[in-house]
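Note sheet for the following structure.
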Amino acid sequence: MEQKTGKQHKRFGVILRRYGRIIIGGTVLVALIIVAISAPSIAKFDPLKLDPYNVKCYPNAEHLMGTDGFGRDIFSRVVYGTRISLLVGVAVSALSAVLGIILGLLMGYYKKVDMVGMRILEGVSAFPSMLLAMTLAAVLGSGVDKIIIAIGVVSTPSVAKIVRSQALSIREAEHVESAKAMGASDFRIIFTHILPLCMSPLIIRITSGMASAILTEASLSFLGVGISPNIPTWGGVLSEAKQFVIAYPFMVVYPGLAIIVTVLSISILGDGLRDVLDPKLK
Amino acid sequence: MLKFLTKRIISAIPVLMIVVMIIFFLMRVVPGDPALMILGKDADPGAVERLRETMGLNDPLLVQFVRYVKDIFTGNWGDSFYNSLPVFQNIVTRLEPTVLIMVFTVLISVVFGVPIGIIGAVRRNSILDYSLMTVSVLGLSIPIFWTSMMLAFYLGAIKGWFPVIGYKPIAEVGFLQSLRYVALPSLALGFQSIASIARYTRSTMLDVLGSDYIRTARAKGLKIGKVRYKHALKNALAPVVTHVGINIASLLGGATVCETVFNINGMGKLAYDSIVRRDYPQVQAVVLVVAIIYVVINILIDIAYKALDPRIELN
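Protein chains in written order, with our numbering: chain A, 12 to 293; chain B, 29 to 343.
So this is what it looks like as C-alpha cells:
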C-alpha cells in the first residue's frame, strides 16, 4: 500500500516535470481567454468613458489600476485590451500558418519553386520585421484586420522556412516514394503524406509566433501606427501613459504587466510543447 | 578564400534585388499620389499632372522600376518630401546614435548572454539552469518599449545616472558622454538580446556536449574543464556568431522603438517619422540602407566564420 503511493508520487513528479510548463502556461492562457470573453462583466467602467473629475487617480478600490490622463479607468482598458491582443495573436498565427504551410510545402516539394521562393524569403528576412510591419500597417491603414494582415505577412517566412526544411527531408522518405509508386497525385502526397509529419516543429513555431505577434501589435499600437486609439489596446494605453511615466509610474506598470503575463504564459506553453513534441531540442 | 569571397558576394546579389523589388512595389501600392503630396492638397490639377510627368509616374511600372534600380546605382536616391534634402544625406546625419546603440547592444548581449548560456548547459536541469532560463524567457516576453520606459523611470529619473531623452553627437560632447545617452536604449534592447543569445548558446552547447568527440576526449582522460571550455565551447560558439548576425535585423527593428521612446534622432526614429509623415522616398532609402547593412554584416560574419573554421563550405 505504502509502496503504491510512493510510486504514484513518483509518477506525479514525472508528469509535473514533463507537462508542468504546458499546464501552467495553458491555465494562464485559458484564464486570459475567459477574461477576454467576459470583459464587459469584469470591467466596472466603460473603457472609453472620460471622467474629468477623476483624472490621474492613483490605484484604489474603485479604480484598481488608477485612471489615465483623461480619467478613463485603466483596469477596464486593460481588460478590454485582452480581447485585441488575443485576437491579434490567434489571427496572426492562423494567417501565417496557412500562408506558411502552403508556401513551405510547395517549396519543399517542387525544386523550381524552392529556387525562387528561398531567394524571396531571404530578401524578406533582410528587413527588420518591425520596420516591415510598420510600413505595411501604414500602407494598409489602421484597423484590427489590417494590423493582422501586416503582422501575418511579416511572420509568414519563418513558418514557411520550417515547413520547407521538414518537407525537404520527408520528400525523400520511403512512405512518400511508395505513395508515388502507387500513383498518388502530388496534391495527395503533399497534404496527406508530408504535412502531418511537419506538425510538431510547426506547432512549436506557431506558439512562439503568437507570442511575438502580440508583442509586435503592442509595439505598433504604442508607436501609433497600429490600431486606432479609439479601441483600447495595451500598446495604446501605454502610449498615452508614456508622458506620465515619471510622475505616475503606475499608469505604465500595470498595462505592461498584462502584456508580460500574456506573452510569458504563451512562451512557457511553447517551451513545454517543444520539450514534449521534440525531445531532441533541449 | 578569394573564391569563397566572390561566391558569397555574388550570392547576395539576388537577395538585394528582391529587397529592392519589395521596397519598390510596396511603395507603389501606397494610397495617395506622391505628386499631390509634394504640392499639397489644394494644388492646381494641371501642375500636379506636369509634376507626375516629370517624376515619371505616368510611365509603365516596369519602366519606373528599371529607372529606380538605375537611380540606386548612380546614387540618385531622391529628396525627402519632408525637408527636401537628399534622402541619403538625412540618413548619414542620423547614423551615429544607431550605430552606437547597435554596437553597445551586441557587446552587452554577447558578454552576458554567452556565459549565461554556458552555465545553463553545463549545469543542465539544475535549479540554477531553471532560474536562468526562466529569466531569459521573461526577457523575451517583455516589450522593448516597456523596458525602455521602466529604465528611463528608474535609472534615468530616480537615480539620475543617465540622460532620459535625446542624443548629443560625439563631435559635440565626446565619446563617453555620447555613450551615456545611448546607455538606456542599449540596455533595454540588450535585455531582450541577452535572453535570446543565452537560450541559443545553451542549446548549441548542449548539442556539442552530447557529441561523440567530447565523450572521446573525456574517455582519453582529459579534465572536464578543459573538454568543456576548450573543445566544446569553440564549436558551440560558431553557430552563436551566425545567430548574432541574423539577430541584427531584429535589433534594428527594436532600435526603431527605443529611439522613439528616448527621442533619439537616429536612423530608427527617422524610419518611424518618415513612415508617419508618409515621406516615401525617405522610407524607401532607410529600409534599403538597413537591408544593405544586414546583408553586408552577414557576409562579413560568414567570412570571419570561414577564416576561423576552414572546414565550412559555402552552400
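Virtual Cβ for every residue (Gly too), placed ideally from N, Cα, C.
- For R130 of chain A, the residues of chain B that pass the 9 Å Cβ criterion are P42, V43, M45, I46, in the order they occur in the chain.
- Leaving aside the five residues that flank G218 of chain B on each side, the residues in its chain whose CB is nearer than 7 Å to its CB run, in chain order, T133, I136, S137.
- Separation of V323 of chain B and Y30 of chain A (C-alpha to C-alpha, rounded to the nearest whole angstrom) is 41 Å.
- In this structure V46 of chain A does not touch V272 of chain A by the C-beta definition: roughly 11 Å separates them, more than the 8 Å allowed.
- Fewer than three Cβ pairs drawn from the region 77-86 of chain A and the region 127-134 of chain A lie within less than 8 Å of each other, which leaves the two stretches out of contact.
- Cβ-Cβ separation between I95 of chain A and T244 of chain A: approximately 5 Å, consistent with a contact (criterion under 8 Å).
- Within chain B, the residues whose beta carbon sits less than 7 Å from that of A137 of chain A are V43, V47, A277, A319, Y322, V323, listed in sequence order.
- Excluding residues up to 5 positions away in sequence, V76, L79, R80, M83, L85 lie with their Cβ nearer than 7 Å to the Cβ of A63 of chain B in the same chain.
- Within its own chain, the residues whose Cβ lies closer than 8 Å to the Cβ of R182 of chain A, once the five positions on either side in sequence are excluded, are G119, Y120, I205, listed in chain order.
- Here DSSP, grouped into helix, strand and coil, assigns D84 of chain A to strand.
- Around the Cβ of D337 of chain B, a 10 Å sphere holds fewer than 16 other Cβ atoms; the residue is exposed.
- DSSP assignment within the region 237-266 of chain B yields no whole beta strand (DSSP E) run of 3 residues or more.
- At least one CB atom of chain B sits nearer than 7 Å to the CB of I257 of chain A.
- For K172 of chain A, the enclosing alpha helix (DSSP H) starts and ends at 155-181.
- The bridge partners DSSP lists for D107 of chain B are B:P114.
- The continuous alpha helix (DSSP H) containing E81 of chain B extends over residues 73-83.
- Taking 7 Å as the cut-off, the Cβ atoms of V99 of chain A and A224 of chain A count as close.
- In the assembly as shown, S112 of chain B is an exposed residue. Its beta-carbon has fewer than 16 other beta-carbons within 10 Å.
- The residues M221, in chain order, have a CB closer than 8 Å to that of V101 of chain A in the same chain once the five nearest residues on each side in sequence are set aside.
- Straight across, the Cα-Cα distance linking S232 of chain A with I238 of chain A is about 6 Å.
- For T93 of chain A, the closest Cβ of chain B is not nearer than 7 Å.
- Assigned with DSSP and collapsed to three states, T284 of chain B falls in helix.
- In terms of beta-carbon proximity, V285 of chain B lines the interface with chain A, with at least one pair separated by less than 7 Å.
- Check the Cα spacing between S278 of chain B and each of A:F198, A:K253, A:S166: the tightest is with A:S166.
- Contact annotation: A260 of chain B and I242 of chain B have beta-carbon atoms nearer than 7 Å.
- F233 of chain A reaches chain B at F173, counting residues in chain order whose Cβ is nearer than 7 Å.
- Fully contained in the region 39-102 of chain A is no beta strand (DSSP E) run of length 3 or more.
- Of all residues in the region 251-283 of chain B, the ones placed with a Cβ closer than 9 Å to any Cβ belonging to chain A are I274, I276, A277, S278, L279, L280, G281, G282, A283, in chain order.
- In this structure, the beta-carbon distance from L160 of chain B to G141 of chain B does not fall below 7 Å.
- When 9 Å is used as the limit between beta carbons, A149 of chain A is near these residues of chain B: V58, I303, V304, R306, V311, in chain order.
- The C-beta of T218 of chain A comes no closer than 7 Å to any C-beta of chain B.
- Rounded to whole angstroms, A247 of chain B and R230 of chain B show a C-alpha spacing of 23 Å.
- Close partners of V165 of chain B in chain A (Cβ separation under 8 Å): L275, S278, I279, D282.
- Separation of L268 of chain A and V48 of chain B (C-alpha to C-alpha, rounded to the nearest whole angstrom) is 39 Å.
- For the C-beta of I170 of chain B, the chain A residues within less than 9 Å are, from N- to C-terminus, L226, G267, I270, I271, V274, L275.
- Contacts with chain B at 7 Å (Cβ-Cβ) do not include A102 of chain A.
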